[in-house]
Amino acid sequence: MPESADVEMDRLRKRIRALSEKLADIDFVLHGSVTKHYMRCGHAGCRCMSEPPVLHGPYHDWTRRVEGKTVTVRLTEAQAGIISGWIQNMRRVEGIVSEMEKLTLRAAKLIRR
């Protein structure tokens, strides 16, 4: 490899190490999404059936894929906050790994010169 390629490889390695350190700071990770919604119960005479309706809720649901199937779990508001944070952590991990892959592709290009 030419000397300029060695310098570039060192720069890429430093960036990879910096990204690895960011990964070390991340706690639990989960896939999925958390949604908050309100709903009608359908019982005649209930407040949710009046005009304007006063819907029941809020309800918090965590939805994810498990073995190719969508799974939804009802959560408390506190649980929803925690799970949402873990989902955000997963998005951070995926972003960091994506950036690491781009840097690695640049390194692969350098070693093929």
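Numbered according to our numbering, the sequence shown terminates at residue 183, and the numbering increases by one at each position without gaps. C-beta: ideal position from N, C-alpha, C; glycine also.
Next on the checklist: Which same chain residues end up closer than 8 Å to Tyr129 when comparing Cβ atoms and leaving out the 5 residues on each side of it in sequence?
Outcome noted: Lys106, His107, Tyr108, Met109 and Arg144
Next on the checklist: With three or more beta-carbon pairs closer than 8 Å as the criterion, would you say the stretch 157-177 touches the stretch 81-90?
Outcome noted: By the Cβ rule, the stretch 157-177 counts as touching the stretch 81-90, because three or more pairs are nearer than 8 Å.
Item to check | Segment limits, beta strand (DSSP E) that includes Val167 | outcome: Under the DSSP assignment, Val167 falls outside any beta strand (DSSP E), being part of the alpha helix (DSSP H) whose first and last residues are Glu147 to Ile181.
Checklist entry - Glu147 to Lys179, Cα distance in whole Å? => result 48 Å
Checklist entry - Taking all protein chains shown into account, do 16 or more other C-beta atoms lie within 10 angstroms of the C-beta of Gly102, making it buried, or fewer, making it exposed? => result buried
Next on the checklist: Taking contact to mean 3 or more Cβ pairs, one atom from each stretch, closer than 8 Å, check whether the stretch 151-162 and the stretch 93-101 are in contact.
Outcome noted: Result yes; three or more Cβ-Cβ pairs closer than 8 Å.
Next on the checklist: If you reduce the DSSP assignment to three classes, tell me which class Asp131 lands in.
Outcome noted: strand
Checklist entry - What do you reckon, are the CB atoms on Leu57 and Ile152 nearer than 8 Å? => result Examination of residue 57 is not possible in this model, given that the chain is present from 71 through 183 alone.
Next on the checklist: Using C-beta distances below 7 Å, list every residue in its chain close to Val124, excluding the 5 sequence neighbours before and after it, in chain order.
Outcome noted: Arg117 and Cys118
Checklist entry - Going by beta carbon distance, what residues of the same chain come within less than 8 Å of His113, once the five residues before and after it are set aside? => result Met119
Checklist entry - Rounded to a whole number of angstroms, what is the C-alpha to C-alpha distance between Leu175 and Glu91? => result 20 Å
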